[in-house]
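203 is the number that numbering that gives the first Met the number 0 gives to position 204 of the sequence shown; each next residue is one higher, with no gaps. Ideal Cβ positions, reconstructed from N, Cα and C, are used throughout, including at glycine. Please read the structure below before turning to the comments.
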Amino acid sequence: MKQHQFSHWSETKYLKDIVTNPMIEVGEYSYYSGYYDNLDFEDGCVRYLWGDEQSRKLFNPSEDYGWHLDKLSIGNYVCIASGVIILMGGNHNHHPEWITVYPFVDQIANSYESKGDTIIASDAWIGMNAMIMPGVKIGEGAIVAAGSVVVKDVPAYTIVGGNPAKVIKQRFTDQEIEKLKEMRWFDWKREKIEQATSIFSSSSIDQLYDFYLKEIKK
Numbered sequence: 000m001k002q003h004q005f006s007h008w009s010e011t012k013y014l015k016d017i018v019t020n021p022m023i024e025v026g027e028y029s030y031y032s033g034y035y036d037n038l039d040f041e042d043g044c045v046r047y048l049w050g051d052e053q054s055r056k057l058f059n060p061s062e063d064y065g066w067h068l069d070k071l072s073i074g075n076y077v078c079i080a081s082g083v084i085i086l087m088g089g090n091h092n093h094h095p096e097w098i099t100v101y102p103f104v105d106q107i108a109n110s111y112e113s114k115g116d117t118i119i120a121s122d123a124w125i126g127m128n129a130m131i132m133p134g135v136k137i138g139e140g141a142i143v144a145a146g147s148v149v150v151k152d153v154p155a156y157t158i159v160g161g162n163p164a165k166v167i168k169q170r171f172t173d174q175e176i177e178k179l180k181e182m183r184w185f186d187w188k189r190e191k192i193e194q195a196t197s198i199f200s201s202s203s204i205d206q207l208y209d210f211y212l213k214e215i216k217k
């Protein structure tokens, strides 16, 4: 029986420490909380993505078929909850416009269709049991509500929910979001972030912006 990666629901794992697939790019301090799944991040949360050790031994779709493979890109300080599913490129061989969606083996080489890279930008939070469909971009600071199915891009600092996921509200005003986009706090040096944790744990974007002007932009 496969050993459980997590010992308790409170345990999280930094993706930098557990990701080995070269098709997954991961930023700093992003984590996965997967206790309730009993599944690895690369073998449960992320699905149908060529590049793990076993799939590399089986075939190389780029060399064998000439496919342009989609990648998964995850920014800094991203929170991914238990039960999240990120669907990737292995399921692009079903064509609803064809007579059958069945992927006949002799047509596999011609049936693949790239959906584009899936991007989860920095500071996003993906809630429990949400599903991210291929080729979607989750904007920085966005929140995907638990159980949502995300089929299209999510704007920065926006909360979405439902199936299919729809905008619930913006987290901040347009002016505040522009300041956050300018500051890109998740790209600061860790020591500067630690200096401002009390501000991050508040709603005062103006105060954070003052810190940014004095300590970062100077």
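For this session: Could you tell me whether the Cβ atoms of T157 and V150 are closer together than 8 Å?
Result: No, the Cβ-Cβ distance between T157 and V150 is not below 8 Å.
Problem set entry | Own chain partners of W8 with C-beta closer than 6 Å, once the 5 adjacent residues on each side are dropped | These residues qualify, in order along the chain: Y34.
For this session: Between the Cα of G26 and those of G161, G82, V148, Y13, spot the shortest distance and give me the residue it belongs to.
Result: Per the Cα distances, Y13.
For this session: Pull up the DSSP beta-bridge partners for Y30, would you.
Result: Listed as beta-bridge partners of Y30 by DSSP are Y13, C78.
Problem set entry | Residue range of the alpha helix (DSSP H) that includes S54 | Here the alpha helix (DSSP H) through S54 covers 52-57.
Exercise. Is the CB-CB distance between E41 and D51 below 8 Å?
Worked result: Yes.
For this session: Compute the distance between the beta-carbons of I137 and A120, then report whether it is under 8 Å.
Result: Cβ atoms of I137 and A120: closer than 8 Å.
Exercise. When the Cα of K178 is compared with those of I192, P154, S200, L207, which residue comes out closest?
Worked result: Ranked by Cα distance from K178, the first of I192, P154, S200, L207 is L207.
Exercise. Can you find at least 3 beta carbon pairs, one from the region 191-201 and one from the region 122-134, that sit closer than 8 Å?
Worked result: Result no; under three Cβ-Cβ pairs closer than 8 Å.
Problem set entry | Proximity to K168 [Cα-Cα], best of P154, N162, H91 | The shortest Cα separation from K168 among P154, N162, H91 belongs to P154.
For this session: Quick one: residues in its chain with C-beta nearer than 8 Å to the C-beta of I17, no 5 flanking neighbours on either side, listed in chain order?
Result: Around I17: Q4, Y31, D39, F40, E41.
Exercise. The beta strand (DSSP E) with K178 in it runs from where to where?
Worked result: Per DSSP, K178 belongs to no beta strand (DSSP E); it is in the alpha helix (DSSP H), 173-182.
For this session: Determine the direct distance from the alpha carbon of I176 to that of V143, and round the result to whole angstroms.
Result: Computed Cα separation, rounded: 17 Å.
Exercise. Which residues in the same chain have their Cβ closer than 8 Å to the Cβ of N162, if we skip the five residues on either side of it in sequence?
Worked result: Shown here for N162: same chain residues with a beta carbon closer than 8 Å to its own, the five before and five after excluded, namely G146, S147, V148 in chain order.
Exercise. So, using beta-carbon positions, are H94 and K114 closer together than 8 Å?
Worked result: With respect to K114, H94 sits apart: the two C-beta atoms are not nearer than 8 Å.
Problem set entry | Inter-residue spacing [alpha-carbon to alpha-carbon] between V100 and Q174 | Going from the Cα of V100 to the Cα of Q174 covers about 46 Å.
Problem set entry | Reduced DSSP category for L71 - H, G, I as helix; E, B as strand; rest coil | In the structure shown, L71 adopts extended strand secondary structure according to DSSP, grouped into three states.
Problem set entry | Own chain, CB closer than 8 Å to V159, minus 5 neighbours either side, in chain order | Excluding five sequence positions before and after V159, the CB atoms of its chain that fall closer than 8 Å to its own CB belong to A141, I142, V143, A144, S147, V149, V153, K165, V166, I167, given in chain order.
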